[in-house]
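Since the structure comes first, as structure tokens, the remarks are kept for the end.
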Amino acid sequence: MIRSLGADLMAISPELPDNMLTMAEKHAIPIDILSDATSEVMKKYRLWFEVSAEVKALYLEKFGLNLEKYNGAGRWELPVPATYILDTGGIVRAGQADPDYTVRMEPAEVVVAIRKIVGG
Amino acid sequence: MSLKDQIAEFNAKRDRPPEVMAIVHRGNEYVKESGASGLRIGERAPDFALPNQRGEIVRLSDRLSMGPVVLNFYRGVW
Numbered sequence: 000m001i002r003s004l005g006a007d008l009m010a011i012s013p014e015l016p017d018n019m020l021t022m023a024e025k026h027a028i029p030i031d032i033l034s035d036a037t038s039e040v041m042k043k044y045r046l047w048f049e050v051s052a053e054v055k056a057l058y059l060e061k062f063g064l065n066l067e068k069y070n071g072a073g074r075w076e077l078p079v080p081a082t083y084i085l086d087t088g089g090i091v092r093a094g095q096a097d098p099d100y101t102v103r104m105e106p107a108e109v110v111v112a113i114r115k116i117v118g119g
Numbered sequence: 000m001s002l003k004d005q006i007a008e009f010n011a012k013r014d015r016p017p018e019v020m021a022i023v024h025r026g027n028e029y030v031k032e033s034g035a036s037g038l039r040i041g042e043r044a045p046d047f048a049l050p051n052q053r054g055e056i057v058r059l060s061d062r063l064s065m066g067p068v069v070l071n072f073y074r075g076v077w
């Protein structure tokens with residue numbers, strides 16, 4: 000839907016490229032999955048944070064989740080989950096960022112925002 | 000069904016204990032207080048060049064020259 004309106008879709012995470020996907024997935028997924036391995040882009044977009052000591056302990060002890068396995072040594076770093084719709088001038092025309100990862104922008108709202116840009 | 004409703008359904012099934020949810024909630028507040036609030040509507044998105052899943056460098060400005068871009072920041076595949 001997003002692509003049929005002429006928009007490009009890209010996803011960015013702090014994960015190291017090798018940990019993200021299997022070889023088959025790498026070639027099957029039609030969108031760009033980008034690796035911000037130095038956290039530079041997350042910082043530029045003011046989305047970067049370091050996981051608190053309490054949450055780190057929860058992930059390690061209760062969820063068996065070691066972020067270093069995905070992000071690299073010492074990188075307990077994440078982005079605030081966010082979605083931005085950019086027009087061709089790079090201006091943010093719609094978007095949402097919320098530390099509560101269960102609050103996401105509705106796909107229908109994304110489509111509405113693209114339609115406004117392309118006039119469709 | 001909206002994404003919001005799907006997430007609500009998922010959360011209800013997952014049924015995390017209150018002490019776990021309290022830690023998650025405090026973690027979210029900690030991030031808010033850190034000032035990581037993202038870009039504002041009307042602001043120009045900073046350009047970048049990052050490798051994609053096939054090792055190709057993707058530059059935002061190149062893509063913008065072809066059309067609008069939906070940019071999603073996510074925490075990881077876990």
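Protein sequences appear in the order of chains S and V.
Okay, so the first sequence: first residue is 0 according to numbering that gives the first Met the number 0, each after it adds one.
Okay, so the second sequence: first residue is 0 according to numbering that gives the first Met the number 0, each after it adds one.
Just so it is clear, CB atoms sit at the ideal spot from N, CA and C, and this is done for glycine as well.
Mark V:Met144 as exposed unless 16 or more other C-beta atoms lie within 10 angstroms of its C-beta, in which case mark it buried.
Because chain V is modelled from 0 through 77, residue 144 of chain V falls outside the range shown and cannot be assessed.
To which residues of the same chain is S:Ser12 closer than 8 Å at the C-beta, ignoring the five residues directly before and after it?
By the criterion of a C-beta distance shorter than 8 Å, S:Ser12 is surrounded in its chain by Met19, Ile32, Leu33, Ser34, Asp35, Pro78, once the five residues flanking it on both sides are discounted.
Output needed for S:Met41: all residues of its chain with C-beta closer than 7 Å, excluding positions within five of it in sequence on either side, in chain order.
Contacts found: Pro13, Asp35, Trp47, Pro78.
Determine whether the beta carbon atoms of S:Gly5 and S:Val110 lie at a separation below 7 Å.
no
Just to confirm before moving on: does the CB-CB distance between V:Leu38 and S:Tyr100 stay below 7 Å?
Cβ distance not < 7 Å, so V:Leu38 and S:Tyr100 don't count as in contact.
Please say whether V:Val69 and S:Ile30 have beta carbons closer to each other than 7 Å?
No, the Cβ-Cβ distance between S:Ile30 and V:Val69 is not below 7 Å.
So, with DSSP's three-state summary, where would you put S:Phe62?
Here DSSP, grouped into helix, strand and coil, assigns S:Phe62 to coil.
Give me the chain V residues within the contact set of S:Ala10, using Cβ-Cβ distance strictly less than 7 Å, ordered along the chain.
By Cβ distance, chain V contributes Asn71, Tyr73.
Would you kindly work out how many angstroms separate the C-alpha atoms of S:Thr82 and V:Lys3, rounded to a whole number?
15 Å
With a Cβ-Cβ cutoff of 7 Å, do S:Glu108 and S:Trp75 count as a contact?
no
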